[in-house]
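Protein chains: 2
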Amino acid sequence: MLATFMYGPGDVRVEETETPTILTPTDAIVRITLSCVCGSDLHAFHGGGIRSGIARMGHEFLGIVEDTGADVSTVKQGDLVLAPFVWADNTCDFCREGLHTACRHGGTWGSTDAAGIVGGGQAEAVRIPLADGTLVKLPVPEDSELLPDLLTLSDVMCTGYHAAVKGRVNEHTTVTVIGDGAVGLSAVLSARLLGAPRIILMGRHTARTDLGVEFGATDVVPERGEEGIAKVKDLTNGDGTHVVIEAVGFPQAFDQAFGVVRKGGTVSRVGVPQYTEANVGMQAMFFPNITLTGGVAPARAYIETLLPKVLDGSIHPGRVFDRAVALPDIATAYQAMDDREALKVLVRP
Amino acid sequence: MLATFMYGPGDVRVEETETPTILTPTDAIVRITLSCVCGSDLHAFHGGGIRSGIARMGHEFLGIVEDTGADVSTVKQGDLVLAPFVWADNTCDFCREGLHTACRHGGTWGSTDAAGIVGGGQAEAVRIPLADGTLVKLPVPEDSELLPDLLTLSDVMCTGYHAAVKGRVNEHTTVTVIGDGAVGLSAVLSARLLGAPRIILMGRHTARTDLGVEFGATDVVPERGEEGIAKVKDLTNGDGTHVVIEAVGFPQAFDQAFGVVRKGGTVSRVGVPQYTEANVGMQAMFFPNITLTGGVAPARAYIETLLPKVLDGSIHPGRVFDRAVALPDIATAYQAMDDREALKVLVRP
Numbered sequence: 648m649l650a651t652f653m654y655g656p657g658d659v660r661v662e663e664t665e666t667p668t669i670l671t672p673t674d675a676i677v678r679i680t681l682s683c684v685c686g687s688d689l690h691a692f693h694g695g696g697i698r699s700g701i702a703r704m705g706h707e708f709l710g711i712v713e714d715t716g717a718d719v720s721t722v723k724q725g726d727l728v729l730a731p732f733v734w735a736d737n738t739c740d741f742c743r744e745g746l747h748t749a750c751r752h753g754g755t756w757g758s759t760d761a762a763g764i765v766g767g768g769q770a771e772a773v774r775i776p777l778a779d780g781t782l783v784k785l786p787v788p789e790d791s792e793l794l795p796d797l798l799t800l801s802d803v804m805c806t807g808y809h810a811a812v813k814g815r816v817n818e819h820t821t822v823t824v825i826g827d828g829a830v831g832l833s834a835v836l837s838a839r840l841l842g843a844p845r846i847i848l849m850g851r852h853t854a855r856t857d858l859g860v861e862f863g864a865t866d867v868v869p870e871r872g873e874e875g876i877a878k879v880k881d882l883t884n885g886d887g888t889h890v891v892i893e894a895v896g897f898p899q900a901f902d903q904a905f906g907v908v909r910k911g912g913t914v915s916r917v918g919v920p921q922y923t924e925a926n927v928g929m930q931a932m933f934f935p936n937i938t939l940t941g942g943v944a945p946a947r948a949y950i951e952t953l954l955p956k957v958l959d960g961s962i963h964p965g966r967v968f969d970r971a972v973a974l975p976d977i978a979t980a981y982q983a984m985d986d987r988e989a990l991k992v993l994v995r996p
Numbered sequence: 648m649l650a651t652f653m654y655g656p657g658d659v660r661v662e663e664t665e666t667p668t669i670l671t672p673t674d675a676i677v678r679i680t681l682s683c684v685c686g687s688d689l690h691a692f693h694g695g696g697i698r699s700g701i702a703r704m705g706h707e708f709l710g711i712v713e714d715t716g717a718d719v720s721t722v723k724q725g726d727l728v729l730a731p732f733v734w735a736d737n738t739c740d741f742c743r744e745g746l747h748t749a750c751r752h753g754g755t756w757g758s759t760d761a762a763g764i765v766g767g768g769q770a771e772a773v774r775i776p777l778a779d780g781t782l783v784k785l786p787v788p789e790d791s792e793l794l795p796d797l798l799t800l801s802d803v804m805c806t807g808y809h810a811a812v813k814g815r816v817n818e819h820t821t822v823t824v825i826g827d828g829a830v831g832l833s834a835v836l837s838a839r840l841l842g843a844p845r846i847i848l849m850g851r852h853t854a855r856t857d858l859g860v861e862f863g864a865t866d867v868v869p870e871r872g873e874e875g876i877a878k879v880k881d882l883t884n885g886d887g888t889h890v891v892i893e894a895v896g897f898p899q900a901f902d903q904a905f906g907v908v909r910k911g912g913t914v915s916r917v918g919v920p921q922y923t924e925a926n927v928g929m930q931a932m933f934f935p936n937i938t939l940t941g942g943v944a945p946a947r948a949y950i951e952t953l954l955p956k957v958l959d960g961s962i963h964p965g966r967v968f969d970r971a972v973a974l975p976d977i978a979t980a981y982q983a984m985d986d987r988e989a990l991k992v993l994v995r996p
């Protein structure tokens, strides 16, 4: 079968590799019918991030169950299923607390488990460890128009929602979202879902911020850095907003977040930090009582909440996809996203 | 009158200075009958912290109202009153949200307001701006045995409580407290008040950790650094605790906190950070979904909750005081605390 590998910065290849098979009784094999490229894949594409060596790429996908191990009971051959960003047992104490990214038996796509290779989702098929805990059966036909919306629940929409939940967004909190990428726009949609009365989107790509406004942004600030901070302060009586969602990951965005957060407020990060050290000192954080939160989203924890909203059409998070490519052409999707010509790209087999 | 000034690192002097008088109609003058030295004063004593020039010291005090401005209505001459760590109007939006440290009209002791000098609390008297918002009348006699307990509500006990509240300590959260100083011990007492079933105190001064056990610590870990982290992990099934209260302020304590916090957990800082940059990167914070919170405590916000518990004897936070000096001898109190011969020192006129 075909799968996507990153050999190094800028070097994405689709190659023939071994078709996965059931290795343990809790496995399933899923034939992938829709996947996509993540903003976090681009960090690796830049040579940043945490990957080293040749990496199996992709962690957002849905598809059809082709085979199941003897112990799998919640999905069966022919089911249309969604896989969240990590595989997990969905039963351990961390999973029960909604932190599937810390599952005691889970792991990430494109890695290994005790039985062998666990492939990535930018491929024709993948072996799913702990299939009962990991997979979510989708109650729609294989050719549903909702598939792009549903695919966002594997990561990007849940990541935006995680940012808003960790930031404790509610009907009393004003919100700034830094970044008009797919995660930032998903965060806008999530902040609206949670009732935020004011949502300031900081971004300067008009096509994206226009979608942000449709998703619920009440204000758009295209300026960055000190100029952008001043603009948000102007919009908020000099105070900044109660919650700031940082959906970029670069140090400049971290500093910008602390520049626009209201005293006593929260900076919630979902942009994968491309830095280690940052200013969390007396003036930036301690005296004004700022909270810093966020992290890798346990997408599985939010699917029960968000899936019904997709099914009933009250949200359309799949609007972040503005292009589609065939799997063999996936390198062009990476390049288009890296060049900011595409917001987020669907990948079909 | 006499007041305490810090001329520079290690150079604390008690000198004659002008006796304060009412400058604006919202002022009161308080004759101080009891104050103390704070761990944060020691940072200045070391030459660290944020002070420069000659500083008026002291921000924890209680005393008798000597005079009030025409607009003051909640306290009158002769009242025994407590002053929280900052002065504040107690009516602005920040104060109503419980963040008096961000009061739109407030400030810190040992500074100035629009009318002139606002003295420090290690003195014979002080002018109180916004007296109605700032002062809390104490319903006990001037010679009550509870005065040391009540004095802790000006800062240290409320700071420990703030750490626990910001960390969202409850009956389901395990807690580690780093630091056996007066704030750390107050945090132990606060975590117990909030129902934490397990409270691990990291400290190695036996007299202090013994008091910590009386305050509610279930375990004491004297080891520091990697050894201390391993010990806490051993005590918690390898996981660490849901909440870690960092009551020291040095970078080593920050790293130790991240070493013992459970995935998905919270590090709540109340030790004044003696650093600016710290590791908040992918591995330390983002992937495990750690929250970093805390800050300067809005003591005023917690007095309604804690004062009744002191009055009914259910808590005795004043046990952190293990020495008393007369104001003219206050330099010996700084030195004794700096040498760790004294935990926290009362100062009497």
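Residue numbers (my numbering), protein chains in the order written: chain A, 648 to 996; chain B, 648 to 996. The beta carbon of each residue, even a glycine, is placed where N, CA and C say it ideally should be.
Asked, Found
"For aspartate 714(B) and proline 776(B), which I take to be in contact (beta-carbon distance under 8 angstroms), what is that distance rounded to the nearest angstrom?", "At roughly 14 angstroms, the Cβ-Cβ gap does not stay under 8 angstroms, so aspartate 714(B) and proline 776(B) are not in contact."
"State buried or exposed for arginine 660(B), treating a residue as buried only when at least 16 other CB atoms are found within 10 Å of its CB.", "exposed"
"Which class does isoleucine 697(A) belong to by DSSP, given the choice of helix, strand or coil?", "At isoleucine 697(A), the pLDDT of 47 sits below 50, so the modelled position is not reliable; the number obtained from the coordinates is stated separately. Note: isoleucine 697(A) maps to coil in three-state DSSP."
"Within the same chain, show all residues whose beta-carbon is closer than 6 angstroms to that of threonine 799(A), passing over the 5 residues directly before and after it, in chain order.", "Pro964 and Gly965"
"So, helix, strand or coil for tyrosine 981(A), using DSSP?", "helix"
"With a threshold of 8 angstroms between beta carbons, is asparagine 936(A) in contact with chain B?", "yes"
"Within 8 angstroms of any Cβ in chain A, is that where the Cβ of tyrosine 654(B) sits?", "no"
"Which parts of the segment 817–864 of chain A are runs of the beta strand (DSSP E), unbroken and 3 residues or longer, counting only runs that do not cross its ends?", "821–825 and 845–849"
"Below 8 angstroms on the Cβ atoms is my contact criterion, and I expect valine 908(A) with threonine 888(A) to pass it. Report the Cβ-Cβ distance as a whole number of Å.", "7 angstroms"
"Starting from proline 920(A), find everything on chain B with Cβ-Cβ shorter than 9 angstroms and list it in chain order.", "Val927, Gly928, Met929, Met932 and Phe933"
"Give the straight-line distance between the Cα atoms of valine 712(A) and isoleucine 669(A), rounded to the nearest whole angstrom.", "12 angstroms"
"Are there 16 or more other CB atoms within 10 angstroms of the CB of glutamine 903(B), so buried, or fewer, so exposed?", "buried"
"Beta-carbon of alanine 900(B) versus every beta-carbon of chain A: anything under 8 angstroms?", "no"
"Rounded to the nearest angstrom, what separates serine 925(B) and isoleucine 892(A) at their Cα positions?", "According to the sequence provided, residue 925(B) is alanine. The question's serine does not apply to it. About 20 angstroms."
"Assign cysteine 683(B) to one of three DSSP states: helix, strand, or coil.", "strand"
"Can you give the Cα-Cα distance for isoleucine 697(B) and phenylalanine 652(B), rounded to whole angstroms?", "Note on isoleucine 697(B): pLDDT 47, under 50, position unreliable in the model; no value is reported."
"Say whether chain B places a C-beta atom closer than 8 angstroms to the C-beta of leucine 939(A).", "yes"
"Please tell me whether leucine 793(B) and leucine 709(B) are closer than 8 angstroms, where the distance is taken between their beta carbons.", "no"
"What does valine 943(A) touch in chain B if you count any residue whose Cβ is under 7 angstroms from its own?", "Phe933, Phe934 and Asn936"
"Is it the case that the segment 826–837 of chain B contacts the segment 801–811 of chain B, given that we only count it when at least three CB pairs across the two stretches are under 8 angstroms?", "yes"
"Could you spell out where the alpha helix (DSSP H) holding alanine 900(B) opens and where it closes?", "898–907"
"Does DSSP put methionine 653(B) in a helix, in a strand, or in coil?", "strand"
"Could one say the Cβ of glycine 753(A) lies closer than 8 angstroms to chain B's Cβ atoms, at least one of them?", "no"
"Strictly under 8 angstroms for the Cβ-Cβ distance: is phenylalanine 741(A) near chain B by that measure?", "yes"
"Just to make sure I have the definition right: I need the residues of chain A whose C-beta is within less than 8 angstroms of the C-beta of alanine 1048(B). Which are they?", "Outside the displayed range of chain B (648 to 996) lies residue 1048(B), so it cannot be described from this structure."
"Of all the options Gly657(A), Thr853(A) and Ser682(A), which has the alpha carbon lying nearest to the alpha carbon of leucine 729(A)?", "Ser682(A)"
"Whose Cβ in chain B lies nearer than 8 angstroms to the Cβ of leucine 746(A)?", "Lys910, Gly911 and Asn936"
"Counting only beta-carbon atoms, is arginine 916(A) nearer than 8 angstroms to chain B?", "yes"
"Cα separation between histidine 706(B) and aspartate 866(A)?", "42 angstroms"
"Do you know whose CA, among Pro667(B), Met648(B) and Ser801(B), lies nearest valine 957(B)'s CA?", "Ser801(B)"
"Could you give the residue range of the beta strand (DSSP E) that holds histidine 809(A)?", "Looking at the DSSP string, histidine 809(A) is not in any beta strand (DSSP E); the run it does join, the alpha helix (DSSP H), is 803–813."
"Quick one: what does DSSP say valine 919(A) is sitting in, helix, strand or coil?", "coil"
"If I'm right that threonine 680(B) touches proline 996(B) with Cβ under 8 angstroms, what's the distance once you round it to whole angstroms?", "7 angstroms"
"Measure the C-alpha to C-alpha separation of aspartate 658(A) and phenylalanine 901(A) and round it to an integer number of angstroms.", "29 angstroms"
"Looking at the secondary structure, which residues open and close the beta strand (DSSP E) in which arginine 987(B) lies?", "Here arginine 987(B) belongs to no beta strand (DSSP E), and DSSP marks it neither H nor E."
"So threonine 759(A) contacts chain B; which residues on that side make the cut at Cβ distance below 9 angstroms?", "In chain order: nothing, as chain B lies at least about 18 angstroms away."
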